[in-house]
Each structure stands twice: as structure tokens, then as C-alpha cells.
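S.K.: I'd like to ask you about the structure that follows.
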Amino acid sequence: MITVKQFYFNELRECCYVLSDESGECVIIDPGISSQKEQERLAQYISQNSLKPVKLLCTHGHFDHVMGNRFVTDTYSIPTYIHPADKDVMKMTSSTCGLFGIKVENPSSDTMDIADGDIITFGNSSLQVISTPGHTWGSVLFYSKDEKICITGDTIFAGSCGRTDLPEGDSKAMCESLVGKIARQIPHDVKLYPGHGPETTMLEELAHNPYLRRDTWLRFDIDY
Ligand SMILES: [Zn+2]
76 MITVKQFYFN
86 ELRECCYVLS
96 DESGECVIID
106 PGISSQKEQE
116 RLAQYISQNS
126 LKPVKLLCTH
136 GHFDHVMGNR
146 FVTDTYSIPT
156 YIHPADKDVM
166 KMTSSTCGLF
176 GIKVENPSSD
186 TMDIADGDII
196 TFGNSSLQVI
206 STPGHTWGSV
216 LFYSKDEKIC
226 ITGDTIFAGS
236 CGRTDLPEGD
246 SKAMCESLVG
256 KIARQIPHDV
266 KLYPGHGPET
276 TMLEELAHNP
286 YLRRDTWLRF
296 DIDY
């Protein structure tokens with residue numbers, strides 16, 4: 076059984092998740108760590124629970140999600156998994172953080188590619204990669220059908236969705252991902268863990284999130 080631990084990191088209150096199971100192995104997802112204090116919070120949780128990190132997973136390459144990658148890979152010597160379409164945006168981490176007065180080294184560019192349908196394993200558990208371009212071209216979800224959990228990054232939030240007005244965003248792709256993929260493929264009883272804000276469920280989002288409905292996008296002249 077997978078245990079989900081959520082941390083809020085950096086000024087944008089980005090959600091980092093540690094997923095572990097009974098084997099003691101864990102994956103670290105989106106470590107947007109911006110200070111030594113936040114480094115200590117993550118490290119403490121891992122040591123206090125005797126966890127063994129085996130993989131660093133990225134839902135996408137935006138700076139607020141990857142600014143702690145270097146700390147995680149240096150500390151635990153584990154490989155980073157990211158969709159290749161987001162490698163370029165990840166290279167802007169150091170310069171973008173500089174605009175916020177945060178000094179961090181760029182994440183290592185030595186990464187493993189992930190693609191739609193890939194299975195990522197740790198301990199006795201596995202996560203399916205679902206490609207959901209829109210917020211960025213390389214945005215992905217990490218989904219466990221058995222455990223009914225899904226780490227969604229900035230593709231879907233409780234009641235909302237990630238912005239598409241940044242250079243690497245695309246509204247039509249977002250519509251396809253949300254309406255064509257997520258609303259159709261993720262069952263009602265799945266718990267969603269977004270990249271910002273509180274956790275939610277598919278049932279809740281199908282009832283209240285306008286961006287999962289085709290008519291919302293049609294109003295913006297966007298269809299799929
Ligand atoms: Zn983002």
C-alpha cells in the first residue's frame with residue numbers, strides 16, 4: 076500500500092510528494108525546495124521513517140517544481156525522470172529562481188526520459204505515466220490504478236487547472252488532456268494530489284471543475 080506524504084515548499088506553496096510503501100522504498104515527486112529549512116524537512120521525514128529514495132519524478136519542468144532537484148540527486152544519488160519535452164524549460168530553473176532572489180543550481184540534465192504509458196516502479200508499487208500536455212508540453216500525471224491515487228502536477232487543481240498562457244503552454248492541448256483524457260480515463264473514486272492547493276477527488280472535480288467540461292472550452296473557441 077502506498078503512503079502519500081505532502082509538503083508545501085517555496086513561496087508559491089508548491090506541493091512535493093513522497094510516495095512510499097511497506098518495502099521502505101520511496102519516490103520523491105516535484106521537490107520544489109527553496110531553503111535549507113525545507114531541505115531539512117524532507118530529509119527528516121525520510122530518515123525518521125527509514126525510507127530509501129530510489130527515484131526522483133517530475134510532473135513537469137517548471138522552476139517551482141524542480142528547484143530542489145539538485146539537492147535530492149546530490150543527497151540520495153538517485154536518477155531523475157522527466158518527459159523530454161520539458162528538459163529545456165527545466166534548464167531555465169536557475170535564471171528564473173534568480174528573479175525571485177533564490178540562488179539554486181540548475182537541476183542535473185542527466186535525466187531518464189518518460190513517455191505516456193510508461194510504468195515507474197518502486198518497492199512493491201508501480202505508477203503509470205499519463206502524458207497531459209497543456210500547462211507545458213512535457214506535463215505528466217503519475218497514476219496508480221490499484222491504489223486509486225494520481226499525482227497531477229499543474230495540469231488539474233481542485234476546481235481549476237494550470238495556466239496555459241506561458242510560452243510552453245497550449246490551451247487546445249490542455250482541453251484535450253483534461254476533457255479527452257482525464258475526465259474519460261480516471262475513475263470517479265481516484266484521489267487527486269495537485270501541484271498546488273488541496274487534494275481532491277475525480278468525483279468532486281467532475282461535479283465542480285468547469286475545465287473538465289467540453290462546453291467551457293467551446294466558449295473560448297477551443298475544441299478537441
Ligand atoms: Zn507549472
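Under the working numbering, think of the first position of the sequence shown as 76, with each following residue one higher.
Using N, Cα and C, we set each Cβ at its ideal position, and we do this for glycine too.
#1: Given a cut-off of 8 Å, decide if G99 and G198 are closer than it, judged by their beta-carbon atoms.
#2: For my contact list, S206 and A190 are in at a C-beta cut-off of 8 Å; report their separation, rounded to the angstrom.
#3: Please name the residue, chosen from G107, K162, S184, I77, that lies closest to K178 on a Cα-to-Cα basis.
#4: Let me check one thing: in DSSP terms, what residues is G228 bridge-paired to?
#5: Can you give me the Cβ contacts of S183 inside the same chain, cut-off strictly under 8 Å, excluding the 5 residues immediately before and after it?
#6: The alpha helix (DSSP H) with L281 in it runs from where to where?
#7: For D185, is the beta carbon positioned less than 7 Å from some heavy atom of ligand 1?
#8: Would a C-beta distance cut-off of 8 Å place H210 and G237 closer than the cut-off?
#9: Under the rule that 16 or more other beta-carbon atoms within 10 Å means buried, what is P242, buried or exposed?
#10: Spatial neighbours of L290 within its chain, please: C-beta separation below 7 Å, excluding the five flanking residues on both sides.
#11: Where the beta carbon is closer than 5 Å to any heavy atom of ligand 1, which residues qualify, in chain order?
#12: Going by the DSSP bridge assignment, what does L202 pair with across the sheet?
#13: Less than 8 Å between the beta carbons of E274 and L281, yes or no?
#14: According to the neighbour-count rule (16 or more other Cβ atoms, all chains shown, within 10 Å of its Cβ), is M165 buried or exposed?
#15: Pairing CB atoms from the segment 83–101 with CB atoms from the segment 130–142, are three or more of them under 8 Å?
#16: Does DSSP classify E115 as helix, strand or coil?
#17: Closest by CA to K247, which one among Y286, Q119, R259?
#18: Return the CA-CA distance between E113 and F232, expressed in angstroms with no decimal places.
M.R.: The answer reads as follows:
#1: Taking the first residue of the sequence shown as 1, we reach residue 198 at position 123. Taking the first residue of the sequence shown as 1, we reach residue 99 at position 24. A contact, by the Cβ cut-off of 8 Å.
#2: For the purposes of this step, residue 206 is taken as the residue at position 131 of the sequence shown. For the purposes of this step, residue 190 is taken as the residue at position 115 of the sequence shown. Contact holds; Cβ gap of about 7 Å.
#3: Within the sequence shown, numbered from 1, the residue matching residue 178 stands at position 103. When each option's Cα is compared against that of K178, the closest is G107.
#4: Position 153 of the sequence shown, counting from 1, holds the residue named residue 228. DSSP output for G228 lists P269 as bridge partner(s).
#5: Counting from one through the sequence shown, the residue named residue 183 turns up at place 108. So the qualifying residues of the chain are N144, R145, T148, T155.
#6: As a first step, residue 281 is located in the sequence shown; it is residue number 206 there, counting from the start. 277–283 is the extent of the alpha helix (DSSP H) around L281.
#7: To locate residue 185, count along the sequence shown from 1; it is residue 110. Annotation for D185 indicates a beta carbon at 7 Å or more from all heavy atoms of ligand 1.
#8: Within the sequence shown, residue 210 is the residue found at index 135, counting from 1. Within the sequence shown, residue 237 is the residue found at index 162, counting from 1. Yes, the pair counts as a contact, with Cβ atoms nearer than the cut-off.
#9: Position 167 of the sequence shown holds residue 242. Residue burial is scored here from C-beta neighbours: P242 has fewer than 16 other C-beta atoms within 10 angstroms and is therefore classed as exposed.
#10: Along the sequence shown, read from residue 1 onward, the residue named residue 290 stands at position 215. It is worth fixing the name first, because residue 290 is Asp in this sequence and not Leu. Excluding sequence neighbours, D290 sits near nothing in its chain.
#11: Residues flagged by the Cβ proximity filter: H137, D229.
#12: The count along the sequence shown starts at 1 and reaches residue 202 at position 127. DSSP, once it has assigned bridges, lists I195 as partnering L202.
#13: The residue you call residue 274 lines up with position 199 of the sequence shown. The residue you call residue 281 lines up with position 206 of the sequence shown. Going by beta carbons, E274 and L281 fall outside the 8 Å limit.
#14: Walking along the sequence shown from the start, residue 165 turns up at place 90. With 16 or more other Cβ atoms inside 10 Å of its own Cβ, M165 counts as buried.
#15: Output reads yes: the segment 130–142 touches the segment 83–101.
#16: For this step, residue 115 is matched to residue 40 along the sequence shown. When secondary structure is reduced to three states using DSSP, E115 falls in the helix class.
#17: As a position in the sequence shown, residue 247 is number 172, starting the count at 1. By alpha-carbon distance to K247, the top candidate from Y286, Q119, R259 is Y286.
#18: Sequence index remark: in the sequence shown, residue 113 carries index 38 (1-based). Sequence index remark: in the sequence shown, residue 232 carries index 157 (1-based). Cα to Cα, the separation comes out at about 23 Å.
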